[in-house]
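Residue numbers (our numbering): 50 to 169.
Below is one structure, written out as structure tokens, with a few remarks after it.
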Amino acid sequence: MGKQPHHLSEFIIMLDEQANKSNKFSICQEHVLGYSYKEAYNNKFANIQKLVCHHLKNCIYFKQKYNKSEQAEILAKLDKVVLATNNSFQKSIDDNSATGSEVSLATSSLQSKFQHKKIK
């Protein structure tokens, strides 16, 4: 089973070429539409949310298509899964006295919830 797509996936085209063990290379859709596939391919990057965000912040074609407020809204979003997982984990630690076994129990509970959310 592959990774769950991040919220910026709609702005990129995934390539079949592996960037590393876990991620494939991707190219910017706006680069392809605004210039050419070859130019986009020359500027390929690993499909990691942080790298996609960095590319979009600097992409002239992305800036031409979206106004500044739309750009800010798109780039400021956090993945719901990451946000929910972090909030649940913090709540578990705050609710407990956070001894080693309680943190371990909370972590394993969150991992099973996270896996359940990914499957849906």
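Yeah, the Cβ is synthetic: ideal placement off N, Cα and C, and Gly gets one too.
Helix, strand or coil: how does DSSP classify residue i here?
i	result
residue 102	helix
residue 75	strand
residue 135	Bear in mind that a pLDDT of 48 at residue 135, under 50, signals an unreliable position, so the number given afterwards is only what the model happens to contain. Reduced to three states, the DSSP call for residue 135 is helix.
residue 67	strand
CB of residue i to nearest heavy atom of the ligand GDP: below 7 Å?
i	result
residue 108	In the structure on display, the ligand GDP does not appear, and there are no ligands present to speak of.
Residue i: buried (16+ other C-beta within 10 angstroms of its C-beta) or exposed?
i	result
residue 147	Residue placement at residue 147 is flagged as unreliable, the pLDDT there being 46, under the threshold of 50; the coordinate-derived value follows with that caveat. Exposed, by the Cβ-count rule.
residue 89	buried
residue 105	buried
residue 82	exposed
residue 126	exposed
So the beta strand (DSSP E) residue i belongs to, where does it begin and stop?
i	result
residue 97	Premise fails: residue 97 is in no beta strand (DSSP E) and is neither H nor E.
Terminal residues of the continuous alpha helix (DSSP H) containing residue i?
i	result
residue 113	109 to 114
residue 126	From DSSP, residue 126 is part of no alpha helix (DSSP H); its letter is neither H nor E.
Confirm, please, whether the CB-CB distance from residue j to residue i is below 8 Å.
i	j	result
residue 78	residue 97	no
residue 75	residue 101	yes
residue 204	residue 93	Because the chain spans 50 through 169 in this model, residue 204 falls outside it and cannot be assessed.
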